[in-house]
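Accompanying notes for the structure given below.
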Amino acid sequence: MQLITDTREQDSLTFSTIEGVEYVRECLPCGDYGARINGEMVKAVWERKSIADLFSSFSSNYENEKAKIERAKELGWIYMLAIEGNVFDVREGHTYTKGGEVHHSKKSGIAQIRQLLTMYQKEYLDLWFFDSRAEMAFTIQEYFLNIKKKLADGLSLKTGFDCTKDTSKLLKSSS
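If you read the sequence shown in the working numbering, its first letter stands for residue 2, the second for the next number, and so on.
Written out as structure tokens, the structure reads:
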């Protein structure tokens with residue numbers, strides 16, 4: 002299995018080294034993290050956002066973010082938004098500097114949550130909040146390792162809004 006970090010990801014996560022997992026950087030059509038299992042691209046990607054990036058991306062760069070989600074939708078991929086922070090920090094509009102200092106966003110945190118929930122309902126989007134980068138890295142890695150295990154066991158996977166009986170539908174040819 003290859004765990005892929007997009008080449009445009011500027012503040013990439015650190016993953017635990019696991020035997021049988023190769024960690025590579027390459028350009029993904031959307032998202033920051035993806036995986037390839039047995040040479041096939043998994044039809045799911047994770048987009049990582051700090052709370053500061055979240056507020057910026059979904060206010061001034063909203064159309065760009067929506068285009069990323071649409072790209073995943075066109076590919077038939079599940080798009081998971083991983084937010085570095087808990088829902089309470091988003092609600093309060095807290096953003097953090099590298100030193101951990103709290104700043105407040107000009108945009109209402111409640112408005113941000115409403116916008117995210119609307120996108121969650123209307124788009125092919127799965128929304129996750131994490132208290133730490135380590136928790137986020139662990140979850141992303143485990144997500145793809147569980148897909149690998151289920152495929153090896155010949156089990157079907159329930160992913161996003163689709164429940165497939167044929168696990169081959171979860172993979173996209175890398176060619």
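The beta-carbon is built from N, C-alpha and C at its ideal position, and this holds for glycine as well.
Subject >> Burial state of residue 150 (16 or more Cβ within 10 Å) >> reply: Label assigned to residue 150: exposed.
**OP:** Evaluate residue 49 with the Cβ neighbour count: other Cβ atoms within 10 Å of its Cβ, from every protein chain shown; 16 or more gives buried, anything less gives exposed.
**Re:** By the C-beta density criterion, residue 49 is buried, having at least 16 other C-beta atoms within 10 angstroms.
**OP:** Give me the Cα-Cα distance between residue 90 and residue 128, rounded to the nearest whole angstrom.
**Re:** Their Cα atoms are separated by approximately 15 Å.
**OP:** Please classify residue 80: is it buried, with 16 or more other beta-carbons within 10 angstroms of its beta-carbon, or exposed?
**Re:** Residue 80 should be labelled buried.
Subject >> Length of the line joining the Cα atoms of residue 126 and residue 143 >> reply: Residue 126 and residue 143 have their C-alpha atoms roughly 19 Å apart.
**OP:** Report yes or no: do three or more beta-carbon pairs, one from the segment 16-24 and one from the segment 39-57, lie closer than 8 Å?
**Re:** Because the criterion of three Cβ pairs below 8 Å is not met, the segment 16-24 and the segment 39-57 do not touch.
Original post:
Fully enclosed by the segment 127-154, which alpha helix (DSSP H) runs are 4 residues long or longer?
Top reply: Taking 4 residues as the shortest admissible run, the segment 127-154 contains the following complete alpha helix (DSSP H) segments, listed from N- to C-terminal end: 134-153.
Subject >> Assumed close pair residue 1, residue 73 - CB separation to whole angstroms, cut-off 8 Å >> reply: The structure shown does not extend to residue 1, since the chain spans only 2 to 176, so no value can be given for it.
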